[in-house]
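Asks:
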Ligand SMILES: Nc1ncnc2c1ncn2[C@@H]1O[C@H](COP(=O)(O)OP(=O)(O)OP(=O)(O)O)[C@@H](O)[C@H]1O
Ligand SMILES: Nc1ncnc2c1ncn2[C@@H]1O[C@H](COP(=O)(O)OP(=O)(O)OP(=O)(O)O)[C@@H](O)[C@H]1O
Ligand SMILES: [Mg+2]
Ligand SMILES: [Mg+2]
């Protein structure tokens, strides 16, 4: 199997001009004692060049597994069992990441700078036994040939850019000596020094206060414009989504259930799960109890038949939503896709959320 | 060994209740040495991570602790829990039996029987769970350590608490790596709650959860609070959550509390310029309402604080006294709103603007 079916095809109508990444029917499963867990089960989405796609959804729905799959970081007992991950790189042409061999030069190239990632857990992304400076300069050496002094200068500059106070002093500190938020900024600095074409940011600002969050989000935006990189942003904060994303994909139990432009999706969510999610936002709740979606996410070993959301859905219809396969993601309006059989019928309900979110 | 900074600590924040607060923190300081590079890593400076912090925590209330990343929230929480020893200051704990102990100075053997009464839910669900223990072992461990349950009773209590936090009894035999971030956070919450503590310090306890699960967990924490008269110190960055969940809020900046007020009043009219900046930067879930980032300048470095008010180099309302004198946390309005800001110091009444 050659990885070099990836010759750039310059054609005027080529999707590579519009999209940096196209994921088709991605499936990542985990083999466990309880059986095969379909953590990601047929995920399809694409990211427009220079844009930000936000991926939101319930804890455990497969957002991180999806993003790890994009870099082929899934380890046993997990495996990618199917699907395409097409990267249209400006520097390296078209690459199907799903087909790359482990240890191949191209996979190294993808991880070493074409796509870079800010992990959800800053502590596991940082080595406890190396100084912050060593770790940032190492990220620089990975993809750039520069002198030690130059690397140090670049590293300190980037540490300052992400808002770390006294970057020279931080350079020689260890991760446990700085606060959680500072650690996350170090991780962000390491991801940004690579000047990636696609930045995957998994909860990048959750550990930060809102003023630094605002600063980091605008920094990511500036960098995005500067080097034309695209962003896959995973977050639970729908405020952050509203402020930064161009498009939003909503995941539930390993599948995308809704996808659309940020404004339309937040104002007028079409999938009942998205509607429930938006109604749970504390900012939009003024009572003593928060609204929440009833019930729990089912275990991946016991995914309900029919629409996986039907047991928790206020609009589920017996005999229609509760048997057969999962409803496919289908276009419902220009640029908008939804995986709900009843999307047209329940359209009226969504208006409530739209009016509640107007401040 | 008391540092002299405690001698001019602010007057104890006013308490309406006659009963002593569950916890009184006075002049709490925690400093860390900074080591240089090279052989021996000589000490070249001090980080004033927590610098003269005072507040009360009343039984059954929820106090939010918010503020800049690195401002000392986690360090304050860890001092209270005695996960680390404060450099100076007092942490007076009044259990319900009328006694009072200073947690800051208690030796470890005397602390041990008190530990079950104070539990912490951590910021980082990844590094705080032992990867080699099953969920059942992690959640049940505190009961085992303190010899409070075993056998079937232990299993029953673990199952019960797992259900309460939205996990399933079947999860008991799985290992943490098989869980998502949000699910791990629930494991941490279950572990804390199983001890039926009177004080829970929750450090970013719901920030890894999606909004729907977050709503469930916050509702759950509220129910448990009513059921067991729990007191929460709730450290968080999500101000929407704080506004919804907390009775009072303390705002930290550079190791100190700069504002402390009942939640509704703080959100209606913040007094301290840093609080104002913080509230303006909250991202609203509507693309048309833009968040504002209007604190210019460098983030505070707790090892090199400027003279006067630590916020003055970044403050829009800064005037002469701010450059020279460090403002004390004072009752700014006579109605239980405390601010450490010269603009709101009754002694400089002319400086107060509405
Ligand atoms: N190593 C593993 N072994 C078994 N199951 C796993 C493993 N890693 C992940 N999973 C399962 O895959 C599912 C998806 O996990 P993932 O981490 O992608 O969730 P997530 O959407 O990122 O959630 P969160 O918002 O809480 O971070 C979860 O149900 C989890 O239990
Ligand atoms: N063990 C340590 N050694 C040296 N400095 C430390 C240590 N622990 C904390 N600090 C410093 O103390 C300050 C306060 O850290 P702390 O973790 O309390 O902040 P925080 O308010 O919880 O921040 P965040 O919101 O980012 O979690 C930071 O400047 C940090 O670098
Ligand atoms: Mg995740
Ligand atoms: Mg902290």
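Chains as they are written, first to last, in my numbering: chain A, 4 to 362; chain B, 12 to 365. C-beta: ideal position from N, C-alpha, C; glycine also.
List the residues of chain A whose Cβ lies closer than 9 Å to the Cβ of residue 61/B, in chain order.
Replies: None at all; the shortest Cβ gap to chain A is about 12 Å.
Asks: Does chain A have any CB closer than 9 Å to the CB of residue 45/B?
Replies: It does; some Cβ of chain A falls within 9 Å.
Asks: Got a sec, what are the start and stop residues for the alpha helix (DSSP H) residue 328/B sits in?
Replies: Unbroken run through residue 328/B: none, as it is neither H nor E.
Asks: Listing by chain order, which chain A residues have their CB less than 8 Å from the CB of residue 255/B?
Replies: Correct list: 285, 288, 293.
Asks: In terms of residue numbering, what span does the beta strand (DSSP E) encompassing residue 255/A cover?
Replies: Taken as a continuous stretch (DSSP letters only), the beta strand (DSSP E) holding residue 255/A covers 250-255.
Asks: Is the closest heavy atom of ligand 3 to the C-beta of residue 191/B under 8 Å?
Replies: At least one heavy atom of ligand 3 is nearer than 8 Å to the Cβ of residue 191/B, so yes.
Asks: Is the distance from the Cβ of residue 266/B to the Cβ of residue 60/B below 9 Å?
Replies: Going by C-beta atoms, residue 266/B is nearer than 9 Å to residue 60/B.
Asks: Can you find a CB in chain A that lies within less than 9 Å of the CB of residue 292/B?
Replies: For residue 292/B, the answer is yes, since a Cβ of chain A falls inside 9 Å of its Cβ.
Asks: Would you identify the three-state DSSP class for residue 89/A, choosing helix, strand or coil?
Replies: Note: residue 89/A maps to strand in three-state DSSP.
Asks: Run through the segment 155-188 of chain A for me and flag every whole beta strand (DSSP E) of 3 or more residues, listed as ranges in chain order.
Replies: The segment 155-188 of chain A contains no whole beta strand (DSSP E) run of 3 or more residues.
Asks: Using a Cβ-based criterion (distance less than 8 Å to any ligand heavy atom), does residue 166/A qualify as near ligand 4?
Replies: Residue 166/A Cβ: outside cutoff for every heavy atom of ligand 4.
Asks: Quick check: residue 159/B and residue 104/B, are their CB atoms within less than 9 Å of each other?
Replies: Going by C-beta atoms, residue 159/B is not nearer than 9 Å to residue 104/B.
Asks: Express the C-alpha separation of residue 103/A and residue 330/A in angstroms, rounding to a whole number.
Replies: Cα to Cα, the separation comes out at about 31 Å.
Asks: At which residues does the alpha helix (DSSP H) containing residue 130/B begin and terminate?
Replies: Residue 130/B -> not in any alpha helix (DSSP H); beta strand (DSSP E) instead, spanning 129-132.
Asks: Counting only Cβ-Cβ distances shorter than 8 Å, please list the residues of the segment 334-352 of chain B near chain A, keeping chain order.
Replies: Residues passing the 8 Å Cβ filter: none.
Asks: How close, in whole Å, do the beta carbons of residue 252/A and residue 265/A come, if the pair is a contact with beta carbons under 8 Å?
Replies: Contact doesn't hold; Cβ gap of about 11 Å is too wide.
Asks: Three-state secondary structure (DSSP) at residue 10/A?
Replies: Caution is warranted here: a pLDDT of 44 is assigned to residue 10/A, below 50, making its placement in the model unreliable, and no coordinate value can be reported.
Asks: Is the CB-CB distance between residue 159/A and residue 174/A below 9 Å?
Replies: Contact flag set, yes.
Asks: Indicate whether at least one CB of chain A lies closer than 9 Å to the CB of residue 200/B.
Replies: Cβ-Cβ to chain A under 9 Å: no for residue 200/B.
Asks: My understanding is that residue 11/B touches residue 150/B, with C-beta atoms under 8 Å, so please give their C-beta distance in whole angstroms.
Replies: With chain B covering only 12 through 365, there is no way to say anything about residue 11/B.
Asks: What's the C-alpha gap between residue 29/A and residue 214/A?
Replies: Going by the C-alpha atoms only, they are around 36 Å apart.
Asks: Just to confirm, are residue 248/B and residue 205/A a CB contact at a threshold of 9 Å?
Replies: Going by C-beta atoms, residue 248/B is not nearer than 9 Å to residue 205/A.
Asks: Taking the C-alpha atoms as reference points, what is the distance between residue 149/A and residue 140/A?
Replies: The straight-line gap from Cα to Cα measures roughly 10 Å.
Asks: Using a cut-off of 7 Å between C-beta atoms, extract the partners of residue 193/A located in chain B.
Replies: Neighbours of residue 193/A on chain B: none; closest Cβ ~17 Å, over 7 Å.
Asks: Pull out every residue of the segment 210-222 of chain A whose Cβ sits closer than 9 Å to any Cβ of chain B, in chain order.
Replies: Of all residues in the segment 210-222 of chain A, 210, 211, 212, 213, 214, 215, 216, 217, 218, 220, 221 have a Cβ within less than 9 Å of some Cβ in chain B.
Asks: Identify whether residue 159/B lies in helix, strand or coil by the three-state DSSP scheme.
Replies: If DSSP states are grouped into helix, strand and coil, residue 159/B belongs with coil.
Asks: Bridge partners for residue 259/A per DSSP, in chain order?
Replies: Looking at the DSSP assignment, residue 259/A forms a beta bridge with 254/A.
Asks: In angstroms with no decimal places, state the Cα-to-Cα distance between residue 101/B and residue 344/B.
Replies: Rounded to whole angstroms, residue 101/B to residue 344/B spans 27 Å at the Cα level.
Asks: Quick one: residues in its chain with C-beta nearer than 6 Å to the C-beta of residue 319/A, no 5 flanking neighbours on either side, listed in chain order?
Replies: Taken in chain order, the residues that qualify are 313.
Asks: Comparing the C-beta of residue 61/A with each C-beta of chain B, is any distance below 9 Å?
Replies: Chain B contact via Cβ: present.
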